[in-house]
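Heads up, the thing below is written out as structure tokens.
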Amino acid sequence: MNAPDIEPAFEPQLSRPSRAAVMWRRFRRNRAAVLGLVLFAAVVLAALLADIIAPGDPLRRVGVPLTAPFVDAATPLGTDQLGRDILAGILHGARISLLIGVVATLISICIGILIGAVSGYFGGWVDDLLMRVTEAFQTIPSFVLLLALVAIFGSTIGNIVIAIGIVSWTAPARMVRAEFMSLRRREFVDAARNLGVGNVSIIFREILPNALPPVIVFASVVMATSILMESALAFLALGDPNFASWGNMIGQGRAVLRTDWYCTVIPGVAILLTVLSFSLLGEGLNDILNPRQKK
Amino acid sequence: MTDAPILEIQDLRISLPAGGDRPYALEHLDLTVNPGEIVCLVGESGSGKSLAANAVMRLLPEPHVHVSAGRILLDGEDIGAKSESEMRAIRGDRVAMIFQEPMTALNPQKTVGWQIDEVLRLHTDLDRKARRARALEILGDVHIPDPASAYNAYPHQISGGQRQRVMIAMALVLNPRLIIADEPTTALDVTTQKQILHLIKEMQRQHGTGILFITHDFGVVAEIADRIAVLRLGELVESGPAEQILNHPSHPYTRALIAAVPALTPPAHKDLSAAPVVLRAQGLAKTFAARGGLLSGRRQAVTAVRDLSFELRQGETLGVVGESGSGKTTVSRIVTRLLDADRGEVVIGGHDLIHADRRQLRAMRRDIQMIFQDPMASLNPRKRVVDLIAQGPIVHGVPKAEAHARARELLSLVELSPAAAERYPHEFSGGQRQRIGIARAIAMQPKVIVADEPVSALDVSVQAQVLRLLADLRDRLDLSLLFVTHDLRVAAQLCDRIIVMQKGEIVETGPTAQVFADPQHPYTQALLTSIPGRDWQPPKLTDAA
Amino acid sequence: MRNTHGGLWLGASIVALGAALTAQQVAAQDNGAEPRRGGTVFVHMNTEQGVLNPALRASTGVYQITGRFMEPLIDKTYDGYVGVLATEWSSSEDGKAITFKLRDGVRWHDGEAFQCDDVAFSAMELWKPLLNYSSTLQANLESVDCPDPLTAVFNYSEPMPLDLIVAAMPDLGHPVPKHLYEGTDILKNPVNQAPVGTGPFKFQEYERGQYIIGVRNDDYWRGAEYPYLDRVIWRFIPDKAAGAAALEAGELHESGFNGISMADLERLGKDPRFDMGTEGFENNVAHSTVEFNLRNPVLADVKVRQAVYHGLDLDFAINTIMRGFAKPGHGPVPSVGGANYTDDVPVYEYDVEKAKALLDEAGYPAGADGIRFKLRHRPAPWGEYTQLWGEYFAQAMKEIGIQVDLVTNDAPGFLNGVYRDHDFDTANGWHQFRSDPAVSTTVWLRSGAPVGTAWSNQFGYESAEMDSLIDAAAEELDPEKRADLYHQIQRLAMTDLPVIFAIEHPFVGITNKKLVNHHNTPRWDSSSWYDLWIDE
Amino acid sequence: MSLLLYLLRRILQALPVILLIIIGSFLLIKLAPGDTVDALVGDMGGADPAFVARLRQEYGLDQPVLVQLWRYLVKLAQFDLGWSYVYEQPVTKVLASRLWVTLLLMLGALSSAFVVGVALGAFAARRAYSATDNVISTLGLIFYAMPSFFLALLLVLLFSVKLNWLPVGGIRDIGAFHTGWKLWLDIATHLVMPVLALALIYLAFYMRLMRTSVLEVMELDFVRTARAKGAGDARLMFHHIMRNALLPVITLLGLQISTVLGGSVVIETIFSLPGLGQLAYTSVVKRDLNTLMGIIFLCSIIVVLVNILTDLVYAWLDPRIELK
């Protein structure tokens with residue numbers, strides 16, 4: 001009698017669906033995340049189609065100032081105090097918001113990864129030093145620092161994006177550090193060192209890909225807060241007036257909030273939906289990347 | 001009453017959520033536990049044995065996993081018909097449970113006393129004083145040295161063995177009719193395991209409790225079982241009195257399982273004194289220092305290894321044996337220089353690894369490779385198998401194409417299909433992953449392989465296969481193995497010589513057969529007598545090759 | 001000693017007025033009811049300056065508070081200049097000595113008598129060396145003599161036109177009590193934050209960032225019936241919308257100087273509970289300006305500047321940004337400037353085609369993308385409406401082919417960038433007219449101010465003709481000749497166009513109708529409110 | 001005693017961080033174009049050159065930056081925060097009059113967000129994936145996604161202007177001259193909306209974290225043990241799950257304290273609350289260096305203290321942590 005087939009053949013289970021398909025299935029299960037994806041797609045679409053639906057400079061005067069929505073077909077969402085088309089502002093503003101969200105997030109995540117990785121991997125005095133710096137940044141109220149940076153270096157869109165990046169890297173850094181601290185003790189890292197793989201390679205090729213999932217999920221949070229921060233800046237009249245951004249629209253619309261609500265409410269809702277889409281997407285990503293056993 | 005069974009499981013079926021590997025976790029399970037009887041439910045991972053236990057407590061993660069057929073009778077009453085509040089009255093009172101990992105099974109935020117007290121509070125009307133007295137009494141019953149101080153201690157403040165005693169005390173405090181013990185000794189060291197098994201038996205004798213004992217370890221089974229039921233992938237393959245199953249198994253699966261249990265007979269002593277020494281460790285020491293001072297607080301310094309020396313000869317397998325905290329894992333890390341030693345030297349091929357500079361070290365890494373304990377954690381989940389195996393050679397300058405081709409060859413050497421090359425680690429089972437780990441180690445063509453508990457995370461049957469593969473490769477490639485393990489059965493299977501470690505020091509060393517036959521040091525003696533089922537000689541089953 | 005014509009007339013009328021002041025004939029908006037004693041008025045403050053001494057800080061933000069506590073020698077009413085702490089004023093023939101007769105029986109809040117010593121001390125120790133703008137005005141002041149406790153004689157080294165000094169006095173003529181300042185470090189004197197004056201209200205409490213409380217002065221010189229109110233409380237609410245909401249909720253009674261947004265002013269103006277308008281702010285007319293940096297070779301060409309002027313649709317700006325509360329400007333002196341104002345100046349009407357033609361002519365044809373050249377424009381951060389102006393400017397310039405990049409900064413950044421570093425092509429902001437062009441307007445057009453001085457000539461504009469006209473006007477004693485000189489200055493400014501005085505607008509205030517006798521002088525928010533009462 | 005030592009060590013540990021912050025912020029402000037004199041002149045509507053030069057000298061702004069920094073640090077070492085040239089008061093006095101407002105606001109917002117968030121999070125986790133859970137989670141996300149000023153404006157519109165229930169701003173009714181409990185009641189009424197506006201944002205954080213945390217703890221072995229003991233759902237939640245699940249939430253609470261300080265800038269502006277956030281903004285815009293440095297110094301101390309406090313709470317909740 002042959003040995004019973006205790007371990008079923010030494011063949012990998014080839015019938016497994018591809019990674020992407022598995023991920024999509026996990027994502028789809030979360031209805032809220034799908035809603036997030038739809039909203040996000042709408043924002044991206046708005047950004048892409050801005051020049052087609054509302055060609056030309058969104059800052060130019062196109063109609064009678066403070067036309068209410070649904071009154072004039074040329075300006076379906078109305079016009080603001082200077083006669084600018086609100087629809088054009090929303091569409092072109094989607095670009096700015098996405099730009100701010102994406103670039104600021106990239107900056108903060110990159111700084112965060114660099115500092116968190118080095119700190120978490122090497123430990124010791126390097127970690128002590130970097131963590132002191134991180135603590136310092138974390139101790140200053142981030143929005144105050146942001147205000148100071150923008151007030152000081154001027155409210156150009158570049159400065160705003162960089163400043164948002166600078167004030168929001170600490171959380172990703174701590175997260176990456178924590179991941180690295182736990183991952184560097186994992187046996188596969190020892191295995192790589194045992195093979196003679198160098199530190200840089202271990203950090204970026206071995207550990208980082210494994211440390212990324214929570215960071216990617218967190219990136220959606222950073223993205224959301226970036227957009228909120230920009231709008232708060234603009235609200236305090238520290239936005240870049242050369243671009244139609246939602247924050248600027250709210251900031252200026254606020255003066256006429258009581259008479260011409262749409263100048264504030266329309267971009268306000270745009271921000272709300274965009275931030276909501278990021279948050280929901282983040283939830284979905286979390287389901288994909290950090291699946292829990294339970295359904 | 002005394003003869004009526006406490007627990008009867010009749011034709012039990014447990015359904016799994018749709019879309020899984022299989023529709024039922026458990027099917028057609030029949031099982032009876034009589035008063036004063038220990039019934040062992042034996043199976044490997046995935047056999048559904050733990051779900052059976054949870055079903056008895058009605059603690060399945062419903063509705064995803066639920067009982068879809070059959071009955072469970074407790075003292076003749078169908079628990080499926082009970083309301084949730086009736087069940088709550090039963091749990092902890094008439095049926096109690098002991099879990100595998102006492103650290104996580106106890107609430108870390110509550111004192112031991114509180115947690116025992118909770119059982120009394122839930123099921124009795126005793127006042128506070130009486131409850132406290134009862135809790136202290138039961139703590140004394142389970143041989144906790146100082147019940148009063150244990151009562152006020154938090155779980156993390158007492159040792160693993162004590163914690164499991166606390167769990168047992170908690171289970172016994174109301175004298176339940178039935179205790180379900182789910183792998184209660186798996187997380188413990190052998191010597192502790194022996195004491196706990198002893199305690200369970202003692203309690204069972206005193207109180208006439210019926211025990212449903214779930215385990216994967218035939219050694220443990222041999223130690224305590226009255227009757228045995230063997231599960232495989234949700235099916236009951238065989239059940240009967242312990243003596244019959246252990247010595248005369250009839251079902252092929254049971255026979256294979258028993259055949260896979262390593263015998264306690266070491267291989268015949270090979271004389272390797274003529275073979276060259278490939279690795280010589282001299283005066284190794286490592287203390288985990290108290291870090292920092294003012295800025296981070298003080299931690300106690302721990303001496304993991306003190307003044308350790310040994311030699312490893314060409315073709316030899318040297319076992320390093322000890323319980324947790326003995327420093328055996330530290331040895332494996334120092335020898336591979338994954339950890340820097342405080343003192344000492346490790347000479348391989350005439351060079352000292354400990355004091356090698358960065359460049360020398362990198363070159364020397366070729367010579368000494370490692371196989372890790374956890375086959376999941378030791379393979380980077382983001383890399384394909386072929387990249388994992390070829391990584392070492394590529395780092396050391398082998399062209400990529402060549403390294404990949406070699407990696408594919410190695411796959412067949414470790415008995416994996418070449419198709420495995422393009423897959424990711426998570427697509428493999430534990431045993432397969434460990435084969436990949438082995439392939440990765442030998443891809444470097446090392447002189448020495450350090451294996452750190454390479455089979456302790458695997459099921460018995462898989463363990464046997466991997467051990468056989470290792471032995472086979474060692475002989476074919478003339479490798480030298482430094483084999484770190486806590487499991488004396490495994491050591492007996494593979495090692496030519498063993499080192500027994502306790503608290504960072506070698507207490508005994510010698511050829512395996514000699515040490516097993518005539519242990520000199522009391523600690524070695526204690527270890528050997530603690531091996532579960534040491535008196536049971538697994539039958540030679542000719543059909544299981 | 002010979003009184004000048006204007007001085008004599010004014011002096012005489014003031015004597016008459018002073019005599020009749022106890023009567024209630026000023027109550028322009030009097031609803032006919034008997035004034036009621038008691039009550040507290042809550043006033044909205046948009047900014048907080050921390051200094052409560054009008055003899056140290058010449059700023060409406062200071063006057064808005066200290067006006068209740070401290071009185072000037074002379075105030076301005078709709079009937080002209082009236083004496084407050086002075087009763088008469090006259091000039092010597094050579095214009096080098098100005099004499100003020102002081103009011104008798106006036107006491108500081110701490111009980112000391114108000115005397116010439118106080119005026120002399122204030123003028124020599126504060127007005128001349130420490131008070132912004134006043135330093136320039138009083139640059140030639142050599143001494144103040146006190147022939148008797150109620151006569152103060154100001155001695156100047158150069159002729160000082162009486163018109164000028166009288167026009168300046170409401171803002172720059174607040175005496176402080178000498179006995180509290182003498183021998184102290186004036187700038188650090190705590191009285192600066194707890195003012196002691198002669199006004200109808202006494203300072204009681206200042207909570208930084210929150211409020212100031214003033215209580216009735218029972219010993220007020222106008223008589224026991226004044227003031228009517230028990231208390232005035234100022235609340236600092238920098239956020240305009242919050243201010244508007246507080247007004248609407250009845251938590252504030254008055255907000256002046258565009259303390260809330262134009263939209264809210266317009267909205268609340270339609271609310272029957274409020275009076276809204278520019279009455280009471282005539283003394284503080286401002287110009288919204290577009291300023292050029294002539295160091296930029298493109299802008300050095302006057303045709304380009306004219307083109308910019310032609311490119312501005314001022315009616316649009318007036319109607320949208322200022323909601324109609326403004327009119328087009330005609331150079332540095334606003335229409336409320338009295339005799340010194342003229343509208344006989346070159347004008348540049350809104351004409352896009354003409355603007356384009358001028359730019360073509362200047363050698364800046366439109367490129368393929370329709371852009372002729374780019375400008376870096378700094379809008380002043382003085383709130384919502386300078387910001388809107390900046391954006392409107394960018395919009396408008398795009399129409400004539402000029403790409404405008406807005407560079408925004410906070411106040412220090414802006415002032416530094418414009419006045420010290422001259423790091424701008426164009427800028428916009430506003431410029432306040434302070435009664436007489438010589439006080440703070442002409443310094444803007446004259447060359448030679450040190451670099452970095454705010455509201456000085458940041459344009460890099462140098463015109464010998466302009467400089468000599470300004471200098472001549474500052475010392476001209478004959479009002480007619482003075483007026484003529486200022487007319488010439490306006491014409492020259494409108495020709496050379498270093499700056500576009502685009503629109504002139506008074507400030508707008510909003511007041512709860514419960515207040516009676518409000519905004520009955522051209523600088524009401526800075527005045528003493530002795531006759532204000534609350535009908536509730 | 002060991003607690004005292006622990007506190008001492010934590011404070012010593014914080015010193016380099018605070019020094020780093022002080023120096024960093026000082027140099028940052030010095031990088032800014034314009035100084036406090038420019039800001040003052042801007043407020044005044046202009047001044048002549050001599051006046052400006054005199055002010056600069058008076059304030060010591062004519063010195064090199066490093067000299068100014070050194071002077072500042074020397075003064076700080078003597079616990080002298082300097083003089084605010086904007087408020088013409090010692091900075092300590094300026095801060096003292098503002099601190100309590102911000103503390104009340106933060107305490108109110110954080111505690112209500114924490115309590116409600118934790119409760120809702122635990123509730124949602126118990127009903128995980130049900131309709132109730134979805135509604136709670138989505139509402140939380142919406143509040144989180146709403147810009148705080150937008151929310152605040154809507155609140156003002158509703159509660160003050162339309163319903164006239166709550167005062168639009170300020171910290172108390174100044175003209176009413178309340179004393180005693182009436183004063184506190186008045187202050188409480190003034191804080192309702194600001195606290196609500198701030199709390200709703202953070203509520204979502206705590207709720208989501210608590211939900212996840214409870215879901216995780218529910219899977220742990222000791223919960224199974226407790227169930228096997230016969231404990232009911234309520235008992236499980238309150239005695240076994242909540243306390244363990246609170247640990248990450250406590251950590252977040254500590255980490256977020258400075259964010260909340262920052263977030264109060266906008267809220268304080270909208271509700272004209274005389275707090276530190278608004279003061280910080282004004283100080284930046286006015287380049288009131290001493291005041292701003294004072295705020296940053298004070299904030300650092302608050303953050304450090306709160307972090308020590310959360311660590312103490314953490315240690316109290318989790319006996320495995322030893323304060324050493």
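Protein chains in written order, with UniProt numbering: chain A, 1 to 295; chain B, 1 to 545; chain C, 1 to 536; chain D, 1 to 324. Even for Gly, the Cβ is constructed at its ideal location relative to N, Cα and C.
With residue i and residue j assumed to form a contact (beta carbons below 8 Å), what rounded beta-carbon distance in angstroms separates them?
i                 : j                 : result
Ser526 of chain C : Tyr63 of chain C  : 3 Å
Leu199 of chain B : Ile168 of chain B : 6 Å
Arg132 of chain A : Pro16 of chain D  : 6 Å
Val67 of chain B  : Leu12 of chain B  : 7 Å
Count the other CB atoms within 10 Å of the CB of residue i; is the residue buried (16 or more) or exposed (fewer)?
i                 : result
Pro54 of chain C  : buried
Trp24 of chain A  : exposed
Asp219 of chain C : exposed
Glu384 of chain C : buried
Gly180 of chain D : exposed
Leu21 of chain C  : Only weak support exists for where Leu21 of chain C lies, its pLDDT of 39 falling under 50; the coordinates are left without a value.
Val500 of chain B : buried
So that I know if they touch, is there some Cβ in chain A lying closer than 8 Å to that of residue i?
i                 : result
Val347 of chain C : no
Leu469 of chain B : no
Asn520 of chain C : no
Helix, strand or coil for residue i? Go by DSSP, reduced to three states.
i                 : result
Trp89 of chain C  : strand
Val232 of chain C : strand
Gln278 of chain D : helix
Pro68 of chain C  : In the sequence as presented, Pro is not what sits at residue 68 of chain C; that position holds Arg. Coil.
Ser288 of chain C : strand
Thr453 of chain C : coil
Examine chain C for any beta-carbon lying closer than 8 Å to the beta-carbon of residue i, and answer yes or no.
i                 : result
Ser245 of chain A : no
Using a Cβ-Cβ distance under 8 Å, would residue i count as near chain D?
i                 : result
Gln81 of chain A  : no
Pro141 of chain A : yes
Arg26 of chain A  : no
Arg95 of chain A  : no
Val126 of chain A : no
- Only counting runs of 4 or more residues, tell me where the alpha helix (DSSP H) segments fall wholly within the stretch 164-221 of chain B, in order along the chain. Runs found: 190-207.
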